[in-house]
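See structure below.
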Amino acid sequence: MLLRGQNLVGYRNYPDDVVKAFVHHAADVGIDVFRVFDALNDERNFEAAARAIKDAGKHFQACICYSVTEPRMGGPVYN
């Protein structure tokens, strides 16, 4: 399952207890691997989800976000 860190599967920020309950319910119904990212790459937004995932005995994968601007869009390409 792909989680947006503290935002879970939406765009609003949820409190830690909601994150914990969501992760535990997802784990109970069979989700084993959780990939977690934050749009701002702020690892503090991973903490509640990572803790809940590990407490549930499931696999936590931290992800980072990046983007490039193509020359056709007027920007440089970063490698």
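My numbering puts the first residue of the sequence shown at 167, with every later residue one more than the last.
Idealized CB from N, CA, C, for every residue including glycine.
Note that the coordinates shown come from a computational prediction; the quantities given were computed from them, not determined experimentally.
**OP:** Assign Asp183 to buried or exposed, taking buried as 16 or more other Cβ atoms, counted over all protein chains shown, within 10 Å of its Cβ.
**Re:** Exposed.
Original post:
Would you call Ile230 buried or exposed, if buried means 16 or more other Cβ atoms sit within 10 Å of its Cβ?
Top reply: Exposed, because fewer than 16 other Cβ atoms sit within 10 Å of the Cβ of Ile230.
**OP:** With DSSP collapsed to three states, give me the class of Ala193.
**Re:** It is helical.
Subject >> DSSP-derived helix/strand/coil call for Arg217 >> reply: The answer is helix: DSSP assigns Arg217 an H, G or I state.
Original post:
Cα separation between Leu174 and Ala222?
Top reply: Going by the C-alpha atoms only, they are around 16 Å apart.
Original post:
Pick from Met167, Lys220, Asp198 and Ala228: whose alpha carbon is nearest that of Asp208?
Top reply: For the residues Met167, Lys220, Asp198 and Ala228, the minimum Cα distance to Asp208 belongs to Ala228.
Original post:
Using a Cβ-Cβ cut-off of 6 Å (strictly less than) and excluding sequence neighbours within five positions of Ile197, which residues of its own chain qualify?
Top reply: These residues qualify, in order along the chain: Met167.
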